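One structure below.
2 protein chains.
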Amino acid sequence: MDVRTLCLGILALGDATGYEIKKLVADGAFSFFSEASYGSIYPALSRLMDEGLVTCREEAQDGKPDKKIYSLTEIGREELTHALQKDPGPDRQRSEFLASLLFAEAVSPERVSQLIDDRIAHHKERIIALKEMVQTELTPASDFVLGYGLAIQEEALRYLEAHRDMLFQK
Amino acid sequence: MDVRTLCLGILALGDATGYEIKKLVADGAFSFFSEASYGSIYPALSRLMDEGLVTCREEAQDGKPDKKIYSLTEIGREELTHALQKDPGPDRQRSEFLASLLFAEAVSPERVSQLIDDRIAHHKERIIALKEMVQTELTPASDFVLGYGLAIQEEALRYLEAHRDMLFQK
DNA sequence: GTGTACATGTAAAGTGTTACATGATTTC
DNA sequence: GAAATCATGTAACACTTTACATGTACAC
Numbered sequence: 004m005d006v007r008t009l010c011l012g013i014l015a016l017g018d019a020t021g022y023e024i025k026k027l028v029a030d031g032a033f034s035f036f037s038e039a040s041y042g043s044i045y046p047a048l049s050r051l052m053d054e055g056l057v058t059c060r061e062e063a064q065d066g067k068p069d070k071k072i073y074s075l076t077e078i079g080r081e082e083l084t085h086a087l088q089k090d091p092g093p094d095r096q097r098s099e100f101l102a103s104l105l106f107a108e109a110v111s112p113e114r115v116s117q118l119i120d121d122r123i124a125h126h127k128e129r130i131i132a133l134k135e136m137v138q139t140e141l142t143p144a145s146d147f148v149l150g151y152g153l154a155i156q157e158e159a160l161r162y163l164e165a166h167r168d169m170l171f172q173k
Numbered sequence: 004m005d006v007r008t009l010c011l012g013i014l015a016l017g018d019a020t021g022y023e024i025k026k027l028v029a030d031g032a033f034s035f036f037s038e039a040s041y042g043s044i045y046p047a048l049s050r051l052m053d054e055g056l057v058t059c060r061e062e063a064q065d066g067k068p069d070k071k072i073y074s075l076t077e078i079g080r081e082e083l084t085h086a087l088q089k090d091p092g093p094d095r096q097r098s099e100f101l102a103s104l105l106f107a108e109a110v111s112p113e114r115v116s117q118l119i120d121d122r123i124a125h126h127k128e129r130i131i132a133l134k135e136m137v138q139t140e141l142t143p144a145s146d147f148v149l150g151y152g153l154a155i156q157e158e159a160l161r162y163l164e165a166h167r168d169m170l171f172q173k
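If you're matching them up, the sequences are chains D and H in order.
Position one of the first sequence corresponds to residue 4 (my numbering), numbered consecutively onward.
Position one of the second sequence corresponds to residue 4 (my numbering), numbered consecutively onward.
What follows is the structure, encoded as structure tokens:
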């Protein structure tokens with residue numbers, strides 16, 4: 004999913020600024036399955052304005068640039084609906100962690116052990132964060148997606164703890 | 004992990020052609036956590052040649068271009084080891100499927116239901132394929148990574164089957 | 001005969017990240 | 001006094017995909 008459609012989808016759930024969209028995608032409910040940087044979000048929003056898919060109202064602030072709050076237009080909503088008709092492409096997962104394990108013949112067991120420990124710690128943090136997000140219920144769909152993310156994180160954690168010994172067998 | 008390091012890592016497990024690397028990454032044991040197209044693999048291999056990190060022997064074939072079989076050099080192996088010292092970046096997952104569910108307020112329940120059904124079927128296929136791969140054991144590390152992939156796929160399948168009703172509650 | 005697998009490679013186009021630029025306010 | 005948060009935006013760079021170019025062999 005490109006950043007353009009991602010912005011459209013997030014705005015369909017409520018008005019937002021570019022800054023807020025970035026936060027949602029980086030840390031919030033969307034972080035489990037998407038990514039985008041300022042360098043792609045701001046230009047995408049500008050383009051959506053030009054195309055009439057969103058509108059924007061500016062709010063003055065002291066010491067900060069004006070806040071630009073974007074809203075989806077009727078045409079924008081149609082465009083989103085249209086984009087969602089297409090079959091979703093396959094998931095794309097990239098994991099340097101898994102790659103490192105596979106290629107790690109040359110690396111010391113201590114290093115591998117440390118990689119696993121770090122990873123386990125990371126999963127535990129993510130699980131706590133996700134559980135907090137589930138509390139602040141938004142829609143049934145967001146509960147479903149957060150629950151999905153939580154289930155996957157927990158399973159990954161279980162697997163790592165149960166099977167880490169495999170990597171140290173001769 | 005960039006395509007360059009990916010090629011280095013795959014060659015560390017055994018000699019391969021560009022074509023074979025692409026197959027491994029697209030369908031094989033690496034497909035769970037990486038991606039790369041011919042358009043990035045072939046240039047990457049050429050560059051690795053120029054840098055002396057790999058060598059190449061050509062095998063003539065009838066009717067097809069000569070097969071170029073690449074091998075990692077000692078310098079290449081050092082470069083890989085060096086690259087693996089760095090902490091792996093975070094996993095990046097992108098899922099149009101999950102995004103579609105979150106944004107699907109405007110979409111009909113029938114469509115959502117069909118998306119889930121397709122996804123369940125897809126997981127079942129992947130699970131069968133992964134189980135076959137586990138049979139053709141390579142190294143303890145590859146068993147670990149394949150087992151990880153299998154565990155995640157099975158958990159995703161379980162979750163979808165157990166919780167799909169959430170999306171249709173009023 | 002139609003499609004898939006084998007096998008390499010290039011060029012253009014698209015997409016995205018990183019680093020920069022600016023600057024007040026709040027927290028440690 | 002250093003770092004994080006809020007807030008926007010651009011430019012250079014990196015990376016990837018897609019489409020093209022070429023051609024055989026085999027299965028259905």
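Quick reminder that beta carbons are idealized off the backbone N, C-alpha and C, glycines included.
Quantities reported herein were computed from a predicted structural model and do not represent experimental measurements.
(request) With a cut-off of 8 Å on the beta carbons, I'd call Glu158 (chain H) and Ile155 (chain D) a contact; round off their distance for me. (result) At roughly 6 Å, the Cβ-Cβ gap stays under 8 Å, so Glu158 (chain H) and Ile155 (chain D) are in contact.
(request) Could you tell me the boundaries of the beta strand (DSSP E) in which Lys71 (chain H) lies? (result) Here the beta strand (DSSP E) through Lys71 (chain H) covers 70–75.
(request) Identify each residue in the stretch 82–98 of chain H for which the Cβ-Cβ distance to at least one residue of chain D is less than 7 Å, and report them in chain order. (result) Answer set for the stretch 82–98 of chain H: Leu83, Thr84, Leu87, Pro91, Gly92, Asp94, Arg95, Gln96, Arg97, Ser98.
(request) Return the residues of the stretch 38–51 of chain H that lie within a Cβ-Cβ distance of less than 9 Å from chain D, sorted by chain order. (result) Flagged, chain order: Glu38.
(request) Answer yes or no: do Gly2 (chain H) and Thr76 (chain H) have a C-beta to C-beta separation smaller than 8 Å? (result) Residue 2 (chain H) is absent from the structure shown; chain H starts at 4 and stops at 173.
(message) So that I know if they touch, is there some Cβ in chain D lying closer than 8 Å to that of Leu160 (chain H)?
(response) It does not: the Cβ of Leu160 (chain H) has no partner Cβ on chain D nearer than 8 Å.
(message) Taking contact to mean 3 or more Cβ pairs, one atom from each stretch, closer than 8 Å, check whether the stretch 104–119 of chain H and the stretch 57–70 of chain D are in contact.
(response) Segments in contact, no.
(message) One question on the structure: do Gly12 (chain D) and Phe106 (chain H) come within less than 8 Å of each other, judged by their Cβ atoms?
(response) Yes, Cβ-Cβ distance for Gly12 (chain D) and Phe106 (chain H) is below 8 Å.
(message) Can you pull the chain H neighbours of Ser74 (chain D), defined as C-beta to C-beta under 9 Å?
(response) Within 9 Å Cβ-Cβ: nothing; Ser74 (chain D) doesn't reach chain H, min ~16 Å.
(request) Take every Cβ of the stretch 87–102 of chain H, pair it with every Cβ of the stretch 95–104 of chain D, and state whether three or more of those distances are shorter than 8 Å. (result) Yes, they touch.
(message) Considering Cα atoms alone, identify which of D:Gln117, D:Thr58, D:Tyr45 is closest to Gly17 (chain D).
(response) A check of alpha carbon separations from Gly17 (chain D) across D:Gln117, D:Thr58, D:Tyr45 identifies D:Thr58 as the nearest.
(message) Checking the sheet assignment: what are the DSSP bridge partners for Arg60 (chain H)?
(response) Residue pairing by DSSP places Arg60 (chain H) opposite H:Ile72 in a beta bridge.
(request) Assuming Gly21 (chain H) and Lys71 (chain H) form a contact by the criterion Cβ under 8 Å, report the distance between their Cβ atoms to the nearest whole angstrom. (result) A Cβ-Cβ distance of about 7 Å is found for the pair Gly21 (chain H) and Lys71 (chain H), placing them in contact under the 8 Å criterion.
(request) Determine the burial state of Tyr162 (chain D): buried for a count of at least 16 other Cβ atoms within 10 Å of its Cβ, exposed for fewer. (result) Burial check for Tyr162 (chain D): the Cβ neighbour count within 10 Å reaches 16 or more, so the residue is buried.
(message) Less than 8 Å between the beta carbons of Leu160 (chain H) and Ala144 (chain D), yes or no?
(response) Not closer than 8 Å, so no.
(request) List the endpoints of the continuous alpha helix (DSSP H) containing Gln156 (chain D). (result) Gln156 (chain D) -> alpha helix (DSSP H) spans 143–166.
(request) Tell whether a beta-carbon distance below 8 Å holds between Leu9 (chain D) and Ala102 (chain H). (result) Their beta carbons are under 8 Å apart, which means Leu9 (chain D) touches Ala102 (chain H) by this criterion.
(request) For chain H, find out if any of its Cβ atoms is closer than 8 Å to the Cβ of Gly150 (chain D); answer yes or no. (result) Closer than 8 Å: yes.
(message) Once DSSP output is grouped into helix, strand and coil, what is the label at Ala29 (chain H)?
(response) Reduced to three states, the DSSP call for Ala29 (chain H) is helix.
(message) Do Leu149 (chain D) and Ala47 (chain D) have their beta-carbon atoms positioned less than 8 Å apart in this structure?
(response) In this structure, the beta-carbon distance from Ala47 (chain D) to Leu149 (chain D) does not fall below 8 Å.
(message) Tell me which residues share the same chain as Val115 (chain H) and place their Cβ nearer than 8 Å to its Cβ, disregarding the 5 neighbours each side in the sequence.
(response) Here the set comprises Leu104, Ala107, Leu170, Phe171.
(message) Quick check: what's the CA-CA separation for Gly79 (chain H) versus Arg167 (chain D)?
(response) Linking Gly79 (chain H) to Arg167 (chain D) through their CA atoms gives a straight-line distance of about 28 Å.
(message) Against chain H, with Cβ distances strictly below 8 Å, would Ala124 (chain D) count as a contact?
(response) Not an interface residue.
(message) With the cut-off set at 8 Å, would you say Ile44 (chain D) and Lys25 (chain D) are in Cβ contact?
(response) Their beta carbons are under 8 Å apart, which means Ile44 (chain D) touches Lys25 (chain D) by this criterion.
(message) Can you check which of these residues, H:Ala15, H:Phe36, H:Ala165, is closest to Leu141 (chain H) by C-alpha distance?
(response) Its Cα nearest to that of Leu141 (chain H), the residue H:Ala15 stands out among H:Ala15, H:Phe36, H:Ala165.
(request) With DSSP collapsed to three states, give me the class of Gln172 (chain D). (result) DSSP places Gln172 (chain D) in coil when its eight states are reduced to three.
(request) Whole angstroms is fine: what's the gap from Glu81 (chain D)'s alpha carbon to Leu87 (chain D)'s? (result) Rounded to the nearest angstrom, the two C-alpha atoms are 10 Å apart.
(message) Within a Cβ cutoff of 7 Å, which residues of the same chain sit near Glu123 (chain D), ignoring the five residues on either side of it in sequence?
(response) The residue you asked about is not Glu; residue 123 (chain D) is Ile in the sequence shown. Sequence-distant partners of Ile123 (chain D) (beyond 5 residues in either direction) whose C-beta falls short of 7 Å from its own C-beta, in its chain, are Leu160, Leu163, Glu164.
(request) Counting only the same chain and skipping the five closest in sequence on each side, list residues whose C-beta sits under 7 Å from that of Ser34 (chain H). (result) Correct list, in chain order: Val28.
(message) Run through chain D and tell me which residues come within less than 9 Å of Arg80 (chain H), C-beta to C-beta.
(response) Those within 9 Å of Arg80 (chain H) in chain D are Ala109.
(message) Taking the straight line between their C-alpha atoms, what separation do you get for Gln138 (chain D) and Glu23 (chain D)?
(response) Looking at the two C-alpha atoms, the distance is approximately 20 Å.
(message) Would you say Gly12 (chain D) lies against chain H (beta-carbon separation less than 8 Å)?
(response) At a cut-off of 8 Å between beta-carbon atoms, Gly12 (chain D) makes contact with chain H.
(request) Starting from Ala19 (chain H), follow its DSSP beta bridges and name the residues at the other end. (result) The partner list for Ala19 (chain H) (beta bridge, DSSP) reads H:Tyr73.
(request) Pull up the distance between the alpha-carbon of Glu128 (chain D) and that of Gly42 (chain H), whole angstroms please. (result) Per the coordinates, the alpha-carbon of Glu128 (chain D) lies some 38 Å from the alpha-carbon of Gly42 (chain H).
(message) My assumption, with CB atoms under 8 Å, is that Ala19 (chain D) sits in contact with Tyr73 (chain D). Please give the rounded CB distance.
(response) Going by Cβ atoms, the distance from Ala19 (chain D) to Tyr73 (chain D) rounds to 6 Å, so yes, they are a contact pair.
(request) Tell me, please, whether the CB atom of Ile155 (chain D) is closer than 8 Å to any CB atom in chain H? (result) Judged by the 8 Å Cβ criterion, Ile155 (chain D) is in contact with chain H.
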